[in-house]
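Chains V and A, in that order, are what the protein sequence lines are.
Using our numbering, read the first sequence as starting at 2 and increasing by one per residue.
Using our numbering, read the second sequence as starting at 389 and increasing by one per residue.
Heads up, the beta-carbon is just placed ideally off N, CA and C, and yes, glycines get one too.
The structure appears below as structure tokens.
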Amino acid sequence: MRRVALVPAFNEEANVGRVVDEIRAFDPSLDVVVVDDGSYDRTAEVAHEHGATVVRLPFNLGIGGAVQTGFRFAFEHGYDLAVRIDGDGQHDPSQLDRILAPVVRGEADIAVGSRFAGERDGYRSSRSRRLGIRLLAWVVSRIVGRRVTDTTSGFQALNRRAIELFAHDYPHDYPEVEATIMVSRHRLRSVEVPVSMRERGGGRSSITALRSVYYMVKVLLAIFVGLFRRNVVPKEGTS
Amino acid sequence: MTPLAVSIIGTIASLALVLVVLELIRSRRLRERYALLWLLTGVVLAVLCAWRGGTNTIAGWVGIESYPPAVLFAVGILFILAVLLHYSTVISRLSDQNTLLAQRLALLETELSTTSSTR
Chain V
2 MRRVALVPAF
12 NEEANVGRVV
22 DEIRAFDPSL
32 DVVVVDDGSY
42 DRTAEVAHEH
52 GATVVRLPFN
62 LGIGGAVQTG
72 FRFAFEHGYD
82 LAVRIDGDGQ
92 HDPSQLDRIL
102 APVVRGEADI
112 AVGSRFAGER
122 DGYRSSRSRR
132 LGIRLLAWVV
142 SRIVGRRVTD
152 TTSGFQALNR
162 RAIELFAHDY
172 PHDYPEVEAT
182 IMVSRHRLRS
192 VEVPVSMRER
202 GGGRSSITAL
212 RSVYYMVKVL
222 LAIFVGLFRR
232 NVVPKEGTS
Chain A
389 MTPLAVSIIG
399 TIASLALVLV
409 VLELIRSRRL
419 RERYALLWLL
429 TGVVLAVLCA
439 WRGGTNTIAG
449 WVGIESYPPA
459 VLFAVGILFI
469 LAVLLHYSTV
479 ISRLSDQNTL
489 LAQRLALLET
499 ELSTTSSTR
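See below:
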């Protein structure tokens, strides 16, 4: 069983080294691939020094394009299992067990670590951002027909079927919300598992207030229009 | 007051624009990111066409008493200018990225041919 950890990173020289170290400490057999999304800083060099394979994009594609690059890599190199961990250090690699378990046991095609599924862990965020997260969670839950608590989590484990789907079709910009719906419409099995997330380490988040509003409008539009799309349901055993 | 026929035709045309844009997104020929401004254009024009009293009031503010529907033209042109300007920035970014891609590809090919010839 070949496994890969995909780490999208944009200007994360302060955090990416530690993230790579922690992933390797969790499981040395996990190949670590850092997708450098056109950083201006030393993200790629730091990741390389810490022993990761670095895929360096020539310019910034945004998180969706960067993550899909990772899925393409995983698909083309024949990996059976992929985990996605953000390069800013907010996902704790020591909790990889939790998201890997349902996929390894074959109970799910994709497992998503949720900040809100389990006990309160003191995850702090601005009020407007929490409201946005709750609105999206409500909309998505209604559409996929089961309770989804964390639609913006990028802490995920995927099997070959899910890797293949995302390698071929993945939403742009901020992709997790639309991806959750895509997974359900393509009849892949997905579960949420409770995890706790950390405050980001050094550096700045790339999400600002105005951008969040734009993001909300864009995502709601994409969700609405997506409802009228026909989706191909992949046949059993194609991968 | 805007003639009733102008209002009706204008509203239908604006809503048609919105529907066409939505269909283009659905069939994946237009990305959400580039559709937002078009949708806003369609919605604003539809509202102005249908809401004749509002158009009249706005015409009064800007001093077009003789022919209120001129407001529709003005707003329409304003939005088209905004969309065009937006596209100019998009094209500029695309051409920068295109240059970078060509350069990276050329450097990569050179590197590949030197490594294979040394073997």
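So which of the options has the shortest CA-CA distance to residue i?
i      : options                           : result
V:V220 : V:T209, V:R186 and V:I182         : V:I182
V:S30  : V:D37, V:R3, V:T44 and V:A180     : V:R3
V:H49  : V:G66, V:V36, V:V84 and V:D81     : V:V36
V:V244 : V:V194, V:S142 and V:G88          : As displayed, chain V neither begins before 2 nor continues past 240, which places residue 244 of chain V out of reach and without an answer.
A:V463 : A:Y475, A:L482 and A:C437         : A:C437
V:F156 : V:E177, V:D170, V:H173 and V:V56  : V:E177
V:A10  : V:F27, V:D42 and V:A26            : V:D42
V:G90  : V:E200, V:R57, V:V226 and V:V105  : V:E200
V:V84  : V:H78, V:V5 and V:N61             : V:V5
A:I362 : A:A490, A:W426, A:Y455 and A:I446 : Residue 362 of chain A is absent from the structure shown; chain A starts at 389 and stops at 507.
A:M389 : A:I400, A:L418, A:G398 and A:N444 : A:N444
V:A75  : V:T209, V:N61 and V:D32           : V:D32
Look at the alpha carbon of residue i and the alpha carbon of residue j, and state the distance between them as a whole number of angstroms.
i      : j      : result
V:V8   : V:V21  : 8 Å
V:G18  : V:V34  : 12 Å
V:L159 : V:T153 : 16 Å
A:V408 : V:F229 : 14 Å
V:D1   : A:T487 : A query on residue 1 of chain V cannot be resolved here, the shown segment of chain V reaching from 2 to 240 and no further.
A:I413 : A:E420 : 7 Å
A:P457 : A:V478 : 32 Å
A:R481 : V:A180 : 27 Å
A:L500 : V:P59  : 18 Å
V:I224 : A:L493 : 36 Å
A:S395 : A:V435 : 10 Å
A:W439 : V:D81  : 58 Å
V:L211 : V:D174 : 15 Å
V:G39  : V:A138 : 30 Å
V:R161 : V:L132 : 34 Å
A:Y422 : V:D28  : 42 Å
V:H187 : V:A109 : 13 Å
A:E453 : A:P391 : 14 Å
A:Q491 : V:E77  : 25 Å
V:G71  : A:I465 : 43 Å
V:R148 : A:I400 : 40 Å
V:N16  : A:D484 : 29 Å
V:D151 : A:S476 : 37 Å
V:T239 : A:A393 : The pLDDT assigned to V:T239 is 45, lower than 50, so where the model puts this residue is not dependable; a value taken from the coordinates is nonetheless given after this. Distance between the alpha carbons of V:T239 and A:A393 is about 57 Å.
V:P103 : V:S127 : 31 Å
V:Q96  : V:E23  : 11 Å
What three-state label does DSSP hand residue i in the structure shown?
i      : result
V:G114 : strand
V:A15  : coil
A:D484 : helix
V:D22  : helix
V:D81  : coil
V:P59  : coil
V:R212 : helix
V:L7   : strand
V:V196 : coil
V:T44  : helix
V:D38  : coil
A:T443 : helix
V:T54  : strand
V:D87  : coil
V:S240 : Its pLDDT being 43, under 50, V:S240 is placed unreliably by the model, and nothing is read from it.
V:D32  : strand
V:H92  : coil
V:R228 : Looking at the sequence itself, residue 228 of chain V is Leu, so the reference to Arg does not match. Coil at V:L228, not helix or strand.
A:Y455 : coil
V:R130 : helix
A:M389 : coil
V:R106 : coil
How about residue i and residue j: do their beta carbons lie closer than 8 Å?
i      : j      : result
A:L405 : A:G442 : no
V:R130 : V:S213 : yes
V:A118 : V:E193 : yes
V:P94  : V:I86  : yes
V:S185 : V:V113 : no
A:L428 : A:S402 : no
V:V218 : A:L495 : no
V:V226 : A:L410 : yes
V:R73  : V:A168 : yes
V:L136 : V:L166 : no
V:T54  : V:N12  : no
V:P195 : V:S115 : yes
V:I65  : V:Y215 : Contrary to the premise, residue 65 of chain V reads as Gly rather than Ile in this sequence. Taking 8 Å as the Cβ cut-off, V:G65 and V:Y215 do not qualify as a contacting pair.
V:G63  : V:R25  : no
Quiz item: Hey, which unbroken runs of the beta strand (DSSP E) at 3 residues or more fall wholly within the segment 143-193 of chain V?
Solution: 157-160
Quiz item: Residue ranges of each alpha helix (DSSP H) run of no fewer than 4 residues wholly in the segment 408-445 of chain A, ordered along the chain?
Solution: 420-438
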